[in-house]
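A.B. asks: Take my numbering: the final residue in the sequence shown is number 566, and no numbers are missing along the way.
Don't be surprised by glycine CBs; every beta carbon is placed ideally from N, CA and C.
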Amino acid sequence: MTFLRFLHAQLGPHPKTYLLTALLLLLLCPAWGQQKYWIFFSDKGEKRAYKAEELLCGPALERRRLQGIAIDWYDYPVHAAYLRQLRAMKAEVLRTSRWLNAVSARLDAEMQRQVLALPFVKGIQPVAGLSRPAGILAGCDTLPDLNTPARQLNMLGLDVLHAARYTGQGVIIAVFDNGFRQADKLEALQHIWEDKRLLAAYDFVDGDGDVFEACAASGFCNHGTNVLSVLAARQAEGLRGSAPDATYILLRTENDASETHQEEDNWVAAAEYADSLGADIFTTSLGYSTFDPGQGDYSRDDMDGATAIITLAADMAAAKGIVVVNSAGNSGTRGLTAPADGKAVIAVGAVDQCERYSSFSSQGPTADGRIKPDVAAMGQATYVINPSGEMRRANGTSFACPLISGMLACLKQARPQATREQLYQSMIRSASQYSQPDTLLGYGIPRAPLAFELLTGRPLAPWPQTALLAQQAAVLYPNPSTGDFFLAMQYQGESLPLRLEITDVLGRRLWVQHSRIDPGPNRFEYRTGLQPGTYLLRILNLQSSNTFWATKVVVLP
Numbered sequence: 010m011t012f013l014r015f016l017h018a019q020l021g022p023h024p025k026t027y028l029l030t031a032l033l034l035l036l037l038c039p040a041w042g043q044q045k046y047w048i049f050f051s052d053k054g055e056k057r058a059y060k061a062e063e064l065l066c067g068p069a070l071e072r073r074r075l076q077g078i079a080i081d082w083y084d085y086p087v088h089a090a091y092l093r094q095l096r097a098m099k100a101e102v103l104r105t106s107r108w109l110n111a112v113s114a115r116l117d118a119e120m121q122r123q124v125l126a127l128p129f130v131k132g133i134q135p136v137a138g139l140s141r142p143a144g145i146l147a148g149c150d151t152l153p154d155l156n157t158p159a160r161q162l163n164m165l166g167l168d169v170l171h172a173a174r175y176t177g178q179g180v181i182i183a184v185f186d187n188g189f190r191q192a193d194k195l196e197a198l199q200h201i202w203e204d205k206r207l208l209a210a211y212d213f214v215d216g217d218g219d220v221f222e223a224c225a226a227s228g229f230c231n232h233g234t235n236v237l238s239v240l241a242a243r244q245a246e247g248l249r250g251s252a253p254d255a256t257y258i259l260l261r262t263e264n265d266a267s268e269t270h271q272e273e274d275n276w277v278a279a280a281e282y283a284d285s286l287g288a289d290i291f292t293t294s295l296g297y298s299t300f301d302p303g304q305g306d307y308s309r310d311d312m313d314g315a316t317a318i319i320t321l322a323a324d325m326a327a328a329k330g331i332v333v334v335n336s337a338g339n340s341g342t343r344g345l346t347a348p349a350d351g352k353a354v355i356a357v358g359a360v361d362q363c364e365r366y367s368s369f370s371s372q373g374p375t376a377d378g379r380i381k382p383d384v385a386a387m388g389q390a391t392y393v394i395n396p397s398g399e400m401r402r403a404n405g406t407s408f409a410c411p412l413i414s415g416m417l418a419c420l421k422q423a424r425p426q427a428t429r430e431q432l433y434q435s436m437i438r439s440a441s442q443y444s445q446p447d448t449l450l451g452y453g454i455p456r457a458p459l460a461f462e463l464l465t466g467r468p469l470a471p472w473p474q475t476a477l478l479a480q481q482a483a484v485l486y487p488n489p490s491t492g493d494f495f496l497a498m499q500y501q502g503e504s505l506p507l508r509l510e511i512t513d514v515l516g517r518r519l520w521v522q523h524s525r526i527d528p529g530p531n532r533f534e535y536r537t538g539l540q541p542g543t544y545l546l547r548i549l550n551l552q553s554s555n556t557f558w559a560t561k562v563v564v565l566p
């Protein structure tokens, strides 16, 4: 049993169990100078009473109040005397984690011996490395209508939520990435600053507040800006983000300009910072799998939700009521990267615009047999905006992740008192393969309008307020679909008998259904059994024989 598995098993109000760990074998290994390690403490020093306001800010306390989550031992700070003693030993302390009751520090072999001999130290663990995003892959282009920026939202039914004015307003999303180069200058993101919806920004790599110019020398520096654009962009004739009206915390935790890996402790420190500011959702398009040379890698067996530091911290964040969303990884059959293996982490896989599994998307299950990924979204040929302002298409679960995060923010706006678990259950129960999950897409592709109904207990009125001035408004979702769809209509006239008919491009009638519409909101579910293709749906008023409403329908393979 590794120290981290032991820690995971022993988490409780006052962990004081001491450990004889296999990590002591580190003392028998050759030293390669100073390396980065997590140092875990056995307690938090003398007991004292803390006021909640000393530990967390107002939004964080309100989030916990709504979910019935009390301030506990894990919110208390690391004992200052332990930090002083480590520094007196010339250990370079890098990060401090109250959740893990630990610090990360640079240690050589002699320091390791001295630290392990301290009575308040449980054990040490090397800091792990970071997996890079995969490159661009070719997208699905079988249907021209699917090659538009709107497709990545429409696949989830987010266009329907947005039309009903659920756009993430009032929800705080913390974004963890490698910097957000030029994001503060992009026209598509200026509304964040104009509306004063940037709550905070901090660079945990350089230790300052500038996340917009960092990483300028690296080709990967577009990554954080790309991810933010999928979340927050607002263009009249281009890309619209999944949660354009949310409030954002921007956190740089990855430094890929000068190293081939980054430390998990940056993420842990940023997570605790975002928690203290009241973040509702964490979205992270990063994944850990390898250590520095000589320290060993995470194996597939380690993807068990109980080994990686970042996974333990991510699950701790979820225990605080935060919705933690992470890209599953771009390792295909080689499996997940941490913290996607977390028990309470929503791991997001990738599909193309035709809703087909993308071969690079990391496959589950976890080492202990749990379904992963949890859900999937469009991560192949996804539209993003570069720091130059150019819209392009990119590939990776990195870009599927913010689509799901944004959808959850819109749902959170619809029901602010919803708990993390309620949001999760409504999402997976709305997904395309909820009854038959697998290791490629998990529970499948969520459908936001259905998730809204499951979460709130009422059908969504999926039309903009301006449409209520007309006699009727209607929306078909999902569209494209596999032949099954929902039809929601708002109607203000007298009850009417209707006929729904679907015809092909030659005008041949292939499907007919009779129904009735009543004043107010109406919602119907249909299974057409149609073959893949493009069709026309018409709704006819049987009293007048006039067309009540019509739209194009796309059926996928």
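Using a Cβ-Cβ cutoff of less than 8 Å, which residues in the same chain neighbour glycine 144 once the five nearest sequence positions on both sides are dropped?
C.D. replies: Residue mapping note: residue 144 aligns to position 135 of the sequence shown, counting from 1. A caution first: glycine 144 carries a pLDDT of 30, below 50, which makes its placement in the model too unreliable to give a value.
A.B. asks: Using only the alpha-carbon positions, how far apart do leucine 170 and threonine 428 sit?
C.D. replies: Here the question's residue 170 lines up with position 161 in the sequence shown. Here the question's residue 428 lines up with position 419 in the sequence shown. Cα-Cα distance, rounded: 19 Å.
A.B. asks: Terminal residues of the continuous alpha helix (DSSP H) containing valine 124?
C.D. replies: On the sequence shown, position 115 is the one that residue 124 refers to. Counting along the chain, the alpha helix (DSSP H) containing valine 124 begins and ends at 118-125.
A.B. asks: Could you give the residue range of the alpha helix (DSSP H) that holds isoleucine 394?
C.D. replies: Counting from 1 along the sequence shown, the entry for residue 394 is found at position 385. Where isoleucine 394 is concerned, there is no enclosing alpha helix (DSSP H), although the beta strand (DSSP E) it sits in stretches over 391-394.
A.B. asks: Considering only the alpha carbon of each residue, which of Phe221, Asp212, Gly179, Leu207 lies closest to lysine 194?
C.D. replies: Here residue 194 refers to the residue found at position 185 when the sequence shown is read from its first residue. The candidate whose alpha carbon is nearest that of lysine 194 is Phe221.
A.B. asks: CB isoleucine 319 to CB alanine 337, shorter than 7 Å?
C.D. replies: Taking the first residue of the sequence shown as position 1, residue 319 is located at position 310. Taking the first residue of the sequence shown as position 1, residue 337 is located at position 328. It is not a contact, given that the beta carbons lie outside the stated cut-off.
A.B. asks: Can you tell me whether glutamine 121 is buried or exposed? The criterion is at least 16 other CB atoms within 10 Å of its CB, across all chains shown.
C.D. replies: To locate residue 121, count along the sequence shown from 1; it is residue 112. Result: buried.
A.B. asks: When you compare only the Cα positions, how much space is there between asparagine 335 and serine 504?
C.D. replies: Taking the first residue of the sequence shown as 1, we reach residue 335 at position 326. Taking the first residue of the sequence shown as 1, we reach residue 504 at position 495. Looking at the two C-alpha atoms, the distance is approximately 47 Å.
A.B. asks: Taking only three categories from DSSP, how would you classify valine 514?
C.D. replies: The residue you call residue 514 lines up with position 505 of the sequence shown. Three-state DSSP puts valine 514 in coil, outside helix and strand.
A.B. asks: Using three-state DSSP, classify valine 521 as helix, strand or coil.
C.D. replies: Taking the sequence shown and counting its residues from 1, the one referred to as residue 521 is at position 512. Reduced to three states, the DSSP call for valine 521 is strand.
A.B. asks: If we count Cβ pairs, one from each stretch, closer than 8 Å, do we get three or more for the segment 207-218 versus the segment 71-79?
C.D. replies: Segments in contact, no.
A.B. asks: Could you tell me the alpha carbon to alpha carbon distance between threonine 234 and alanine 58, rounded to whole angstroms?
C.D. replies: Translated into positions along the sequence shown, residue 234 becomes position 225. Translated into positions along the sequence shown, residue 58 becomes position 49. Taking the straight line from one Cα to the other gives about 42 Å.
A.B. asks: Going by the CB atoms, is the gap between valine 393 and valine 238 shorter than 7 Å?
C.D. replies: Taking the sequence shown and counting its residues from 1, one reaches residue 238 at position 229. Taking the sequence shown and counting its residues from 1, one reaches residue 393 at position 384. At residue 238 the sequence reads serine, which differs from the valine that was named. Cβ atoms of serine 238 and valine 393: closer than 7 Å.
A.B. asks: Have a look at Met98, Thr292, Ile331, Leu207 and flag the residue whose alpha-carbon is nearest the alpha-carbon of leucine 432.
C.D. replies: Start at 1 with the first residue of the sequence shown, and residue 432 comes out as number 423. Nearest C-alpha to leucine 432: Ile331.
A.B. asks: Compare the C-alpha of threonine 105 against each of Lys99, Met98, Ser113 and name the closest.
C.D. replies: Counting from one through the sequence shown, the residue named residue 105 turns up at place 96. Checked all of Lys99, Met98, Ser113; the closest Cα to threonine 105 is Ser113.
A.B. asks: At the level of alpha carbons, what is the spacing between arginine 536 and leucine 167?
C.D. replies: By one-based count along the sequence shown, residue 536 stands at place 527. By one-based count along the sequence shown, residue 167 stands at place 158. When rounded, the distance between both Cα atoms is 21 Å.
A.B. asks: Identify every residue that forms a DSSP beta bridge with methionine 400.
C.D. replies: If you number the sequence shown from 1, residue 400 lands on position 391. Ile394.
A.B. asks: Closer than 8 Å by C-beta to leucine 29: which residues in its own chain qualify, once you throw out the five before and the five after it? Chain order, please.
C.D. replies: In the sequence shown, residue 29 corresponds to position 20, counting from 1. At leucine 29, the pLDDT of 29 sits below 50, so the modelled position is not reliable and the matter cannot be decided from this model.
A.B. asks: Could you tell me which residues DSSP puts in a beta bridge with glutamine 44?
C.D. replies: Residue numbering aside, residue 44 sits at position 35 when the sequence shown is read from its first letter. Answer is Leu116, bridged to glutamine 44.
A.B. asks: How far does the beta strand (DSSP E) with alanine 386 in it reach, from first residue to last?
C.D. replies: Position 377 of the sequence shown holds residue 386. Here the beta strand (DSSP E) through alanine 386 covers 384-387.
A.B. asks: Measure the C-alpha to C-alpha separation of isoleucine 290 and aspartate 284 and round it to an integer number of angstroms.
C.D. replies: Counting from one through the sequence shown, the residue named residue 290 turns up at place 281. Counting from one through the sequence shown, the residue named residue 284 turns up at place 275. The alpha-carbon atoms of isoleucine 290 and aspartate 284 are separated by roughly 9 Å.
A.B. asks: Only counting the same chain, and skipping five residues up and downstream in sequence, which positions put a Cβ closer than 6 Å to that of isoleucine 548?
C.D. replies: By one-based count along the sequence shown, residue 548 stands at place 539. Excluding sequence neighbours, isoleucine 548 sits near Leu507, Leu509, Phe557, Trp558.
A.B. asks: At the level of alpha carbons, what is the spacing between histidine 200 and cysteine 419?
C.D. replies: On the sequence shown, position 191 is the one that residue 200 refers to. On the sequence shown, position 410 is the one that residue 419 refers to. C-alpha separation (whole angstroms): 18 Å.
A.B. asks: Which two residues bound the contiguous beta strand (DSSP E) that contains lysine 561?
C.D. replies: Reading the sequence shown from its first residue, position 552 is the one you call residue 561. Its beta strand (DSSP E) spans residues 555-564.
A.B. asks: So for glutamine 362, helix, strand or coil by DSSP?
C.D. replies: Looking up residue 362 in the sequence shown gives position 353. Glutamine 362 falls in the coil class under three-state DSSP.
A.B. asks: Should phenylalanine 185 and threonine 262 be called a contact, given that it needs their Cβ atoms to be closer than 7 Å?
C.D. replies: Translated into the one-based positions of the sequence shown, residue 185 becomes position 176. Translated into the one-based positions of the sequence shown, residue 262 becomes position 253. A contact, by the Cβ cut-off of 7 Å.
A.B. asks: Buried or exposed for glutamate 281, please, with buried defined as at least 16 other CB atoms from any protein chain shown within 10 angstroms of its CB.
C.D. replies: What you label residue 281 is simply residue 272 of the sequence shown in a count that begins at 1. Result: buried.
A.B. asks: By a C-beta neighbour count over all protein chains shown, 10 Å radius and 16 as the cutoff for buried, is tryptophan 41 buried or exposed?
C.D. replies: Sequence index remark: in the sequence shown, residue 41 carries index 32 (1-based). Because tryptophan 41 carries a pLDDT of 39, less than 50, the predicted location of this residue cannot be relied on, and the following value inherits that uncertainty. By the neighbour-count rule (16 or more Cβ atoms within 10 Å), tryptophan 41 is not buried but exposed.
A.B. asks: If distances are taken between C-alpha atoms only, which option among Ala100, Thr157, Ser251 comes closest to alanine 172?
C.D. replies: The residue given as residue 172 occupies position 163 in the sequence shown. Checked all of Ala100, Thr157, Ser251; the closest Cα to alanine 172 is Ser251.
A.B. asks: Kindly give me the distance between the Cβ atoms of arginine 532 and proline 468, rounded to whole angstroms, as I take these residues to be in contact under 8 Å.
C.D. replies: As a working mapping, residue 532 is identified with position 523 in the sequence shown. As a working mapping, residue 468 is identified with position 459 in the sequence shown. So it is a contact: roughly 5 Å between Cβ atoms.
A.B. asks: Between which residues of its own chain and threonine 543 is the CB-CB distance below 6 Å, once the five residues before and five after are set aside?
C.D. replies: Within the sequence shown, numbered from 1, the residue matching residue 543 stands at position 534. Answer for threonine 543: Val563, listed in chain order.
A.B. asks: Roughly how many whole angstroms lie between the Cα atoms of glutamine 161 and isoleucine 413?
C.D. replies: Along the sequence shown, one-based indexing puts residue 161 at 152. Along the sequence shown, one-based indexing puts residue 413 at 404. Each residue's Cα considered, the two are about 10 Å apart.
A.B. asks: Within a Cβ cutoff of 8 Å, which residues of the same chain sit near arginine 249, ignoring the five residues on either side of it in sequence?
C.D. replies: Stepping through the sequence shown from its first residue, residue 249 is reached at position 240. For arginine 249, where only same-chain residues beyond five positions count, the Cβ hits under 8 Å are Pro158, Ala159, Leu162, His171, Ala242, Arg243.
A.B. asks: Along the chain, where does the alpha helix (DSSP H) that runs through threonine 406 open and close?
C.D. replies: As a working mapping, residue 406 is identified with position 397 in the sequence shown. Note, threonine 406: alpha helix (DSSP H), 406-423.
A.B. asks: Taking DSSP as the reference, what is the three-state secondary structure of methionine 325?
C.D. replies: As a working mapping, residue 325 is identified with position 316 in the sequence shown. Residue state, collapsed to three classes: helix.
A.B. asks: Taking isoleucine 182 as part of the alpha helix (DSSP H), name the residues at either end of that continuous run.
C.D. replies: For the purposes of this step, residue 182 is taken as residue 173 along the sequence shown, with counting starting at 1. It is not in any alpha helix (DSSP H) - isoleucine 182 instead sits in the beta strand (DSSP E) that spans 181-186.
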